[in-house]
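Q:
Have a look at this one:
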């Protein structure tokens with residue numbers, strides 16, 4: 177169990193580090209249009225599946241991305257604003273379910 181927690185923490189740090197290191201121009205390109213965001217997320221989900229990640233692992237990663245975006249980025253469109261508002265009011269369980277739904281949406 178402790179190894180799983182360490183792996184989860186390491187995964188969260190890795191996700192945040194990658195997002196922090198992404199160039200502002202590339203980040204703006206992805207976040208400026210919800211279709212671009214879905215396409216980007218779809219590519220990452222596809223890559224995760226090829227690496228053998230299951231739906232639960234993909235949802236956990238999507239949740240880390242959601243946590244990052246909700247605290248570090250301003251929404252660039254209505255869809256992102258809605259997701260941010262849902263994220264703010266959701267419990268951890270609801271955020272996790274929303275992450276599953278996002279993986280299904282783009283998968």
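In our numbering, the protein residues as written are 177 to 283.
Beta carbons: idealized from backbone N, C-alpha and C, even for Gly.
#1: Please report the distance separating the alpha-carbon of residue 259 from that of residue 237.
#2: Using 8 Å as the cut-off, can you tell me whether the segment 200-209 makes contact with the segment 246-265, which would need three or more C-beta pairs spanning the two stretches below that distance?
#3: Are the Cβ atoms of residue 281 and residue 244 separated by less than 7 Å?
#4: Work out the CA separation of residue 242 and residue 226 for me, nearest whole Å.
#5: Measure the C-alpha to C-alpha separation of residue 191 and residue 262 and round it to an integer number of angstroms.
#6: Considering only the beta carbon of each residue, do residue 272 and residue 233 sit closer than 7 Å?
A: This is what the structure holds:
#1: 16 Å
#2: yes
#3: no
#4: 22 Å
#5: 21 Å
#6: no
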